[in-house]
Amino acid sequence: MAALVSCNKTAGTDSMSNAGSDPVKHGEYLVRITGCNDCHTPGYMEVDGNLPVNDWLTGSPLGYRGPWGTTYAINLRLFMQGLSQDEWIAYARSARSRPPMPWYVLRDLTDSDLVAMYKFVRYLGPAGDPMPAYVPPGKEPTGPYVEFPSN
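Residue numbers (the working numbering): 473 to 623.
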């Protein structure tokens with residue numbers, strides 16, 4: 473998936489003309505094609521992406537468990553409320569998240585793409601609740617999780 477997103481980098485750049493000069497619309501497009509909703513929007517994949525935009529990016533209580541421990545897709549709408557645009561860009565450039573988050577996709581986006589994503593998420597506004605915290609290896613998560621193979 474991440475490889476496909478990286479290959480689509482020029483498609484994302486070309487799409488800016490399709491979204492006009494509206495960075496919010498471009499940000500919505502980028503969130504859709506980079507797969508943010510796959511993990512950060514509950515139920516998104518189950519309905520083939522046919523969820524109202526107002527339901528997007530509220531995080532998921534489904535854990536992803538592997539040798540790294542158990543991680544959760546955070547509520548991006550709450551997370552972004554606590555960041556300035558410059559802080560978001562700095563975060564995206566330096567993020568080194570645990571699996572399955574493809575942090576390198578953020579790293580490879582242009583600054584204008586990151587600004588557009590930021591503006592879109594901020595446009596959506598805060599919604600939902602914080603997601604469970606990271607659970608280290610050897611500790612049992614309390615909620616549902618997907619087990620990743622260890623090799």
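All residues carry an ideal CB built from backbone N, CA and C; glycine is no exception.
Figure out for me which residue from Pro-616, Lys-497, Pro-524 and Val-496 has the closest Cα to the Cα of Asn-509.
Sequence index remark: in the sequence shown, residue 509 carries index 37 (1-based). If we check each option's Cα against that of Asn-509, Pro-524 comes out closest.
Might you give, ordered along the chain, the residues of its own chain that have their beta carbon closer than 8 Å to the beta carbon of Leu-596, omitting 5 neighbours on each side?
Locating residue 596 in the sequence shown gives position 124, where the first residue counts as 1. Closer than 8 Å at Cβ, skipping near neighbours: Val-525, Asn-526, Trp-528, Leu-529 and Arg-549.
So what's Tyr-606 in DSSP terms, helix, strand or just coil?
Residue 606 sits at position 134 when you count from the first residue of the sequence shown. Coil.
Can you tell me which residues form a DSSP beta bridge with Gly-443?
Absent from the structure is residue 443, since the part of the chain shown begins at 473 and ends at 623.
Shortest alpha-carbon distance to Lys-497 belongs to which of Phe-551, Gly-615 and Arg-594?
Working through the sequence shown from its first residue, we reach residue 497 at position 25. The candidate whose alpha carbon is nearest that of Lys-497 is Arg-594.
Is it the case that the Cβ atoms of Arg-537 and Tyr-617 are separated by a distance below 8 Å?
Here residue 537 corresponds to residue number 65 of the sequence shown, with the count starting at 1. Here residue 617 corresponds to residue number 145 of the sequence shown, with the count starting at 1. Against a cut-off of 8 Å, the Cβ pair of Tyr-617 and Arg-537 comes out as a contact.
Answer yes or no: do Pro-604 and Trp-540 have a C-beta to C-beta separation smaller than 8 Å?
Locating residue 604 in the sequence shown gives position 132, counting from the first residue. Locating residue 540 in the sequence shown gives position 68, counting from the first residue. Cβ distance not < 8 Å, so Pro-604 and Trp-540 don't count as in contact.
According to the Cβ coordinates, are Leu-578 and Ala-562 closer than 8 Å?
As a working mapping, residue 578 is identified with position 106 in the sequence shown. As a working mapping, residue 562 is identified with position 90 in the sequence shown. It is not a contact, given that the beta carbons lie outside the stated cut-off.
What are the residues that DSSP puts in a beta bridge with Glu-619?
In the sequence shown, residue 619 corresponds to position 147, counting from 1. Paired residue(s): Arg-537.
By Cβ distance below 8 Å, which residues in the same chain neighbour Pro-613 in space, the five residues on each side in sequence not counted?
Residue mapping note: residue 613 aligns to position 141 of the sequence shown, counting from 1. Only Gly-535, Arg-537, Thr-542, Pro-604 and Val-607 meet the Cβ criterion.
Contacts around Met-552, its chain only, beta-carbon distance under 7 Å, and the 5 residues preceding and following it disregarded:
As a first step, residue 552 must be located in the sequence shown, where it is residue number 80. Hits under 7 Å: Trp-560, Tyr-590, Val-593 and Arg-594.
Per-residue DSSP class, three states only, for Lys-497
Taking the sequence shown and counting its residues from 1, one reaches residue 497 at position 25. In this structure, Lys-497 counts as helix in the three-state DSSP scheme.
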